[in-house]
Amino acid sequence: MGRHSPARRQSPGGQKGPGRRKRADSRGQSSARREQLNDNYYYELPQLREFEDISSYTSEDRRKADRMAMARRKAKPQKPYRVKRRMSLGKKLGLVLTLVLVSLVGLAVYMFMGLKVTRLSRDVSADASVSISGVKNIALFGLDARDGENEGRSDVTMVLTVDSRSHTLKMASLMRDSEVYIEGYGYEKLAHAYAYGGPELAVRTINQNFRLDIEDYVTVNFYDMAGIVDAFGGVELELSGEEMREVNANLWNLSQEAEREGTKAPIRNSDYFTALDGTHNMIDGEYTGGKVLLNGAQAVAYARIRHLDGDEYRTGRQQRVLMGLVAQAKDHSILRYPGIVHGVMPHCETSLGLTDLAQLAPFAMGSFEIETITLPGENEGAYGDENEEGQWVYRFDEDLATAHLHEFIFG
Numbered sequence: 000m001g002r003h004s005p006a007r008r009q010s011p012g013g014q015k016g017p018g019r020r021k022r023a024d025s026r027g028q029s030s031a032r033r034e035q036l037n038d039n040y041y042y043e044l045p046q047l048r049e050f051e052d053i054s055s056y057t058s059e060d061r062r063k064a065d066r067m068a069m070a071r072r073k074a075k076p077q078k079p080y081r082v083k084r085r086m087s088l089g090k091k092l093g094l095v096l097t098l099v100l101v102s103l104v105g106l107a108v109y110m111f112m113g114l115k116v117t118r119l120s121r122d123v124s125a126d127a128s129v130s131i132s133g134v135k136n137i138a139l140f141g142l143d144a145r146d147g148e149n150e151g152r153s154d155v156t157m158v159l160t161v162d163s164r165s166h167t168l169k170m171a172s173l174m175r176d177s178e179v180y181i182e183g184y185g186y187e188k189l190a191h192a193y194a195y196g197g198p199e200l201a202v203r204t205i206n207q208n209f210r211l212d213i214e215d216y217v218t219v220n221f222y223d224m225a226g227i228v229d230a231f232g233g234v235e236l237e238l239s240g241e242e243m244r245e246v247n248a249n250l251w252n253l254s255q256e257a258e259r260e261g262t263k264a265p266i267r268n269s270d271y272f273t274a275l276d277g278t279h280n281m282i283d284g285e286y287t288g289g290k291v292l293l294n295g296a297q298a299v300a301y302a303r304i305r306h307l308d309g310d311e312y313r314t315g316r317q318q319r320v321l322m323g324l325v326a327q328a329k330d331h332s333i334l335r336y337p338g339i340v341h342g343v344m345p346h347c348e349t350s351l352g353l354t355d356l357a358q359l360a361p362f363a364m365g366s367f368e369i370e371t372i373t374l375p376g377e378n379e380g381a382y383g384d385e386n387e388e389g390q391w392v393y394r395f396d397e398d399l400a401t402a403h404l405h406e407f408i409f410g
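With the first letter of the sequence shown counted as 1, position 251 gets the number 250 in numbering that gives the first Met the number 0; the numbers rise by one all the way through.
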């Protein structure tokens, strides 16, 4: 057969037997098919499969498990697909405004907690009263009731004027012993009006005698004045040596009053001023005087000084306490205002509601000047005399006093 090898024997069925010869390639080397190695690392690259076709599983158990999982997913109700929408600018602004409003309401509740609001139940205006836009008049009464109740005579009577035109806070002090007409009682001391008819009669008396348009009032009891001064952080005033001695005497009286009433004495040993001899001598001790920061108890004792000089000087000291508190507030950061108001409100009674106080807030937080006046005096022809009941009173020219008061308030 030449170059061809003889015919090979085949196994039954046409399969080649194991004894077949190997064919050499062109280089004379054997090219027989290699047996597959157990470790095929050198012959096959690993195949990365992202999914498995369960039809090619060799494990019947795994096939069943996957089919059951698919069935459970189909049986579970699917949540509807919702498109997430971004909040509009209008809704964002509405949310911010709501949060701001809630915060302001909460702040107002905190600031004015404990404030006693009592509206005047009847008309307190007077005939021919003067009223000018931009000028708000408020009656301020300071009571010296020892029992802490807002009853009795008004030791302090002032007209507080908020002048928005000139950004000025004006304090007009009316002498407590001024003889004025009180409706239903005739001519009496001005201080008696509050004792006879509370704030309504007191406001009406001021309006009738001085032709004013006052519709609101604030009452502060000097018994609680210590708490107000402490809420402001004290009040800085210039005191003479004689005033320091009188303050010590009044502090002693305050402690005795508290002891008689069975309350805890608000006076501490450190509240007393020290004399040159190192004692708290309140009879004939010598004190240096000077500028001091008065706490609440000391400020009340200072405003109560009676025996050192006349009533006009006592009124002047009360004015200085109020002016000092205003100056103290102006020196504080605006962030401290809520705490100050929170400390003051429980000691006040007023006809001003939250809306009225909110309208006054811009003025109080802004820059303003302070002016004071005391009436009646020499310019109003005031002189001391005894009335029919033998009480010492101030008599004066009512027309002059009214004209001077109007000039001070309205310009």
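We put the CB at the ideal spot given by N, CA and C, even for glycine.
What residues in its chain sit with their C-beta under 7 Å from that of residue i, if we drop five residues either side in the sequence?
i      : result
Phe407 : Lys169, Ala171 and Ile372
Arg313 : Ile304 and Arg305
Asn247 : Tyr271, Phe272, His279 and Met281
Lys91  : none
Ile131 : Phe409
Gly352 : Val116
Report the three-state DSSP secondary structure of residue i (helix, strand or coil).
i      : result
Ala190 : coil
Glu235 : strand
Tyr195 : helix
Glu394 : Per the sequence presented here, residue 394 reads as Arg, with Glu not at that position. Residue state, collapsed to three classes: strand.
Ile333 : helix
Ser25  : Confidence in Ser25 is poor, its pLDDT being 44 and thus under 50, which makes the residue's placement unreliable; the coordinate value appears in the next sentence. Coil at Ser25, not helix or strand.
Glu242 : helix
Phe272 : coil
Ser172 : strand
Ala97  : For the sequence presented, residue 97 should be read as Thr rather than Ala. Of the three classes helix, strand and coil, the one that applies to Thr97 here is helix, per DSSP.
Thr278 : coil
Ser128 : coil
Thr314 : helix
Tyr180 : strand
Phe409 : helix
Thr218 : strand
Asn136 : strand
Ile372 : strand
Val340 : helix
Glu256 : helix
Once the 5 residues before and after residue i are set aside, which same chain residues still bring their CB inside 6 Å of it?
i      : result
Glu245 : Ile304 and Leu307
Ala192 : Ile181, Leu200, Ala201 and Thr204
Ala298 : Val228, Val234 and Val320
Asn386 : Val392
Ala381 : Pro375, Tyr393 and Phe395
Arg20  : Caution is warranted here: a pLDDT of 46 is assigned to Arg20, below 50, making its placement in the model unreliable, and no coordinate value can be reported.
Gln390 : none
Looking at residue i: is its Cβ nearer than 8 Å to the Cβ of residue j?
i      : j      : result
Tyr180 : Asn208 : yes
Pro375 : Ser177 : yes
Ala411 : Thr156 : Nothing can be reported for residue 411, as the shown portion of the chain is limited to 0 through 410.
Pro198 : Phe140 : yes
Gly295 : Met224 : yes
Phe231 : Leu324 : yes
Glu285 : Ala274 : yes
Gly288 : Leu238 : yes
His403 : Glu379 : yes
Val134 : Asp162 : yes
Ile266 : Leu250 : yes
Can you tell me whether residue i is buried or exposed, with buried defined as 16 or more other CB within 10 angstroms of its CB?
i      : result
Pro361 : exposed
Ser153 : buried
His331 : exposed
Asp384 : exposed
Ala328 : buried
Lys188 : buried
CB-CB under 8 Å to residue i, same chain, minus the five flanking residues each way: which ones, in chain order?
i      : result
Ala138 : Thr156, Met157, Val158, Leu159, Pro198, Ala201, Val202, Ile205, Ile213, Asp215, Tyr216 and Val217
Tyr41  : Residue placement at Tyr41 is poorly supported in this model, since its pLDDT is 48, which falls under 50; the coordinates still yield a value, given next. Hits under 8 Å: none found.
Met67  : none
Ser120 : Glu199
- Task: Take every Cβ of the region 322 to 340, pair it with every Cβ of the region 248 to 256, and state whether three or more of those distances are shorter than 8 Å.
- Result: no
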